[in-house]
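Numbered per the working numbering, the sequence shown spans residues 65 to 430. This report concerns only the one structure given below.
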Amino acid sequence: MNKESIYGLTLEQLTAWLLEHGHKKSRAIAVWELLYRKRITGFAEMSEMNQDCVQLLEEHFVFQTMEEHVKQESADGTVKFLFRLQDGNLIETVLMRQKYGLSVCVTTQVGCNIGCSFCASGLLAKSRDLTSGEIVEQIMKVQHHLDQAGLEQKVSHVVVMGIGEPFDNFRNLLNFLITIKDHKGLAIAGKGITVSTSGLADKIREFADAGMQVNLAISLHAPNNELRTRIMKINRAIPIEKLMPAIDYYLEKTNRRITLEYILLKDINDREEHALELAELIGDRRQLANVNLIPYNPVDEHSQYQRSERESVRAFFDTLKKQGVSVSTRLEHGVDIDAACGQLRSKQIKKAKGSAAADAGGVVAG
Numbered sequence: 065m066n067k068e069s070i071y072g073l074t075l076e077q078l079t080a081w082l083l084e085h086g087h088k089k090s091r092a093i094a095v096w097e098l099l100y101r102k103r104i105t106g107f108a109e110m111s112e113m114n115q116d117c118v119q120l121l122e123e124h125f126v127f128q129t130m131e132e133h134v135k136q137e138s139a140d141g142t143v144k145f146l147f148r149l150q151d152g153n154l155i156e157t158v159l160m161r162q163k164y165g166l167s168v169c170v171t172t173q174v175g176c177n178i179g180c181s182f183c184a185s186g187l188l189a190k191s192r193d194l195t196s197g198e199i200v201e202q203i204m205k206v207q208h209h210l211d212q213a214g215l216e217q218k219v220s221h222v223v224v225m226g227i228g229e230p231f232d233n234f235r236n237l238l239n240f241l242i243t244i245k246d247h248k249g250l251a252i253a254g255k256g257i258t259v260s261t262s263g264l265a266d267k268i269r270e271f272a273d274a275g276m277q278v279n280l281a282i283s284l285h286a287p288n289n290e291l292r293t294r295i296m297k298i299n300r301a302i303p304i305e306k307l308m309p310a311i312d313y314y315l316e317k318t319n320r321r322i323t324l325e326y327i328l329l330k331d332i333n334d335r336e337e338h339a340l341e342l343a344e345l346i347g348d349r350r351q352l353a354n355v356n357l358i359p360y361n362p363v364d365e366h367s368q369y370q371r372s373e374r375e376s377v378r379a380f381f382d383t384l385k386k387q388g389v390s391v392s393t394r395l396e397h398g399v400d401i402d403a404a405c406g407q408l409r410s411k412q413i414k415k416a417k418g419s420a421a422a423d424a425g426g427v428v429a430g
């Protein structure tokens, strides 16, 4: 049986675990600082720790639950990692260099069941949730990559927008957030963390109640039910009239701004009438909502969708502005590599299947 990731425990959980096994609270803090401040990569680097404690940890936990399978580096400094998990599954993690710091996009599930018809992540159905340790380890893998390069740079921002629906892996998501925010460890500020959901209304309310003090983004992508259902299967179960009250609850409970993500698809949802309808839907939420327009990265399997023309993007942007809606356009990263989320993973899996089929064919032919 595989051991659990050392990154899977929050500081409170690590402290409780060590206390239960006869060790002091101070040792938990010492381990925590070694993990996240000194960023050690193995138990052998705990030479100054109580060795009984180190041996106990080594008997139950591991540092590495994933290995780098493929790494793509873009001319703009974006690095896309494809990691192989212990069970052989593949996940993507992306390092993006922003004007305001280094941002990492993490994955929360192996595959996705939300079924957005434009998305590469949903090409393969969800097979399991990631553990909180596997999510945290993605951050640590990227940070170790930076450390080994001698760049003296630190991950400052995190976006939970990779493969999977974060709110469908809710408890592990919360533990992940608690871990990376902890001021004795990575100390990533809540204002630098954004969680994106396709709109699980009940979980939006639960997230508001959790008081995590991070940013929330809603994948809206359409201003009405007919269009949203067409491109997002989740809207059949959670239509806009259920989603918007959950957003209102979040706004009232937290008084935090939200982002409404809107991917622009040519001649599908990018016309002026759609922008006007979107402004009407936002209504008096304008003070606490920002629309983020997202350029579409074409995916071979979704050839029915194309990127909106620049003129259409500008007209959509201007229409929202004139309606008093806060709006921005997402900067693109890694356009010279597999830019769409899930695209690299999908290609690698298809490549592996193709190689296996070819090998099988060779055996038969022989």
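C-beta: ideal position from N, C-alpha, C; glycine also.
With respect to the C-alpha of ASP273, the residue from GLY197, GLY256 and GLU316 having the closest C-alpha is GLU316.
The C-beta distance from SER372 to LYS330 rounds to 5 angstroms, short enough to meet the 8 angstroms contact threshold. With a threshold of 16 other beta carbon atoms within 10 Å, GLY249 meets it and is buried. Exposure of ARG300 is indicated by the presence of fewer than 16 other C-beta atoms within 10 angstroms of its C-beta. Annotation: the stretch 284 to 352 contains the following complete segments of the beta strand (DSSP E) (minimum length 3 residues), in chain order: 322 to 328. Here DSSP, grouped into helix, strand and coil, assigns ASP382 to helix. ASN356 sits away from GLU375, with the two beta carbons spaced by 8 angstroms or more. Taking C-alpha positions only, ASN333 is separated from HIS285 by approximately 8 angstroms. Comparing alpha carbon positions, the residue from VAL158, LEU237 and ILE322 closest to GLY141 is VAL158.
With contact defined as three or more Cβ pairs closer than 8 angstroms, the stretch 226 to 240 and the stretch 103 to 110 are not in contact.
Within the stretch 78 to 143, the runs of beta strand (DSSP E) that reach at least 3 residues and sit entirely inside it are, in chain order, 130 to 137.
ALA92 and MET110 have their alpha carbons spaced roughly 13 angstroms apart.
Following the DSSP letters along the chain, one finds LEU159 inside the beta strand (DSSP E) bounded by residues 154 to 162. Per the Cβ contact rule, the stretch 110 to 127 is not in contact with the stretch 264 to 283 (fewer than 3 Cβ pairs under 8 angstroms). Taking C-beta separations shorter than 6 angstroms and ignoring five residues to either side along the sequence, the partners of THR258 in its chain run VAL223, ASN279 and ALA281, following chain order. Ranked by Cα distance from MET296, the first of TYR314, PRO309 and THR261 is THR261. Annotation: LEU237 to SER196 spans about 6 angstroms, alpha carbon to alpha carbon.
Sequence-distant partners of PRO303 (beyond 5 residues in either direction) whose C-beta falls short of 7 angstroms from its own C-beta, in its chain, are ASN289.
LYS245 sits buried, since 16 or more C-beta atoms from the chains shown fall within 10 Å of its C-beta.
The Cβ atoms of SER390 and ASN354 lie closer than 8 angstroms to each other.
For THR393, DSSP records a beta bridge to LEU357. For GLY72, the secondary structure class from DSSP, reduced to helix, strand or coil, is helix. By the criterion of a C-beta distance shorter than 8 angstroms, LEU328 is surrounded in its chain by ASP334, LEU357, ILE358, PRO359, TYR360, ARG371, SER372, SER376, VAL377 and PHE380, once the five residues flanking it on both sides are discounted. Secondary structure at HIS209: helix, using DSSP grouped into helix, strand and coil. Cβ atoms of ILE322 and ILE311 come within 8 angstroms of each other, at about 7 angstroms. Secondary structure of ALA281 (DSSP, three-state): strand. For the 8 angstroms CB-CB criterion, GLN207 and LEU194 do not form a contact.
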